[in-house]
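Residue numbers (my numbering): 82 to 439. Ideal placement from N, C-alpha and C gives every residue a C-beta, glycine not left out. Please read the structure below before turning to the comments.
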């Protein structure tokens, strides 16, 4: 019997290794679904459900970030367990009804809050469709997310978008798990004085009122960043940081556990200062964008700012790829797994701890 059990476990392990894949799945059409209330945002009777300036980028008086402590002291939240597998910056959050979800604190997301079709159906969120979707497109629109609790703060009445799509981990075409992460994007994160990602203790620190003051400033290196906004209120954070000694300006993507995702043009600049490596053709999956062709490799030692990252993963995309549209590349969190970084929104600086001794 023991031999049979061990054999079955081995067979299951082989199947999991060989057949598991993460795929993007188009969900059911939400408009008209039982239990999902659809409303027109231009109807005066429904105006309280929608931030009036959802496209303007200016804070509306109905939007709030409320703390449950009078001092609004900085506080910490443990990383969500999904960090172990994905290496993204995520914490546990809960909605007003108490239902809990991972919340990805994602500087690579240009809108404040983003949910998928699963969140809408499970929580009966009211929606205002912008594109109802068809055979050639995915439905998306705005939805009313009254409250999102993150530790000691509540994000209330912020603009939220939904998409009738989610990711699934599948084995031989059968769903083993579905992606249920809520995305808190850059417009929400920059409402804090600073956000710190401490991957040594696996905690996020958020501060509503207090500025970041390191106890030992000499242990940190600062890199300036700039936040750009388009006419639609979408925000993008670009940090100036040397890569392999070459000055670069990269979009910081704390929602990605990958390393560098750069254009062929930037790779030609960087490769001059690193040992020759073999790049293999493959695909990188980006939820809500798709599975994109690239060339992938690992650099044994890569200079990232003042630090040296070992086994640095890199993906090189064609210059016309969607992922490098409007930027030279994206910097993910794989390079900061053994340290802490702080996004100082008051000074527009990214602080990186050089040699953590904790």
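Query: Residue 179 versus residue 107: straight-line alpha-carbon distance, rounded; Result: 27 Å
Query: Distance between beta carbons of residue 341 and residue 412, contact taken as under 8 Å; Result: 6 Å
Query: Residue 261 vs residue 199 beta-carbon contact at 8 Å; Result: yes
Query: Proximity of residue 318 and residue 420 at Cβ, strictly below 8 Å; Result: no
Query: Inter-residue spacing [alpha-carbon to alpha-carbon] between residue 175 and residue 232; Result: 9 Å
Query: Counted within 10 angstroms of its Cβ, other Cβ atoms place residue 337 as buried (16 or more) or exposed; Result: buried
Query: Reduced DSSP category for residue 57 - H, G, I as helix; E, B as strand; rest coil; Result: With the chain covering only 82 through 439, there is no way to say anything about residue 57.
Query: Contact the segment 403 to 417 vs the segment 291 to 303: 3+ CB pairs below 8 Å; Result: no
Query: Paired residues, beta bridge with residue 182 - DSSP; Result: 174
Query: Extent of the continuous beta strand (DSSP E) run through residue 269; Result: Careful: residue 269 lies outside any beta strand (DSSP E), inside the alpha helix (DSSP H) at 267 to 270.
Query: Cβ separation of residue 158 and residue 284, assumed to be a contact under 8 Å, to the nearest whole Å; Result: 7 Å
Query: Own chain residues within Cβ distance below 6 Å of residue 350, not counting five before or after; Result: 327
Query: Proximity to residue 418 [Cα-Cα], best of 358, 162, 279; Result: 279
Query: Distance, residue 282 Cα to residue 258 Cα; Result: 27 Å
Query: Candidates 249, 432, 101: closest to residue 296 by CA position; Result: 432
Query: Residue 192 - DSSP class collapsed to helix/strand/coil; Result: coil
Query: Burial state of residue 359 (16 or more Cβ within 10 Å); Result: exposed
Query: Residue 253 versus 291, 102, 311, residue with shortest Cα-Cα distance; Result: 102
Query: Cβ pair count under 8 Å reaching 3, the segment 108 to 117 against the segment 210 to 225; Result: yes
Query: Identity of the residue in 247, 272, 249, 229 nearest residue 241 by Cα; Result: 229
Query: Proximity of residue 191 and residue 267 at Cβ, strictly below 8 Å; Result: yes
Query: Per-residue burial, residue 264 [other beta carbons within 10 Å of its own, 16 or more giving buried]; Result: buried
Query: Residue 297 (DSSP reduced to helix, strand or coil); Result: coil
Query: Selection from 344, 206, 306 that minimises the alpha carbon distance to residue 227; Result: 206
Query: Distance, residue 117 Cα to residue 385 Cα; Result: 47 Å
Query: C-beta contact flag for residue 168 and residue 369 at 8 Å; Result: no
Query: Within 8 Å, strictly: CB atoms of residue 105 and residue 248; Result: yes
Query: Burial state of residue 193, where buried means 16 or more other Cβ atoms lie within 10 Å; Result: buried
Query: Residue 436 versus residue 120 - alpha carbon distance; Result: 53 Å
Query: Alpha carbon of residue 372 to alpha carbon of residue 395, nearest angstrom; Result: 16 Å
Query: Burial state of residue 290, where buried means 16 or more other Cβ atoms lie within 10 Å; Result: exposed
Query: Where residue 169 falls: helix, strand or coil (DSSP); Result: coil
Query: One or two residues paired with residue 230 in a DSSP bridge; Result: 175, 235
Query: Distance CB(residue 425)-CB(residue 273) smaller than 8 Å; Result: no
Query: Member of 376, 429, 364, 355 whose CA lies at the smallest distance from the CA of residue 333; Result: 429
Query: Cutoff 8 Å; reference residue 361; Cβ partners in own chain excluding five residues on either side; Result: 376, 377, 378
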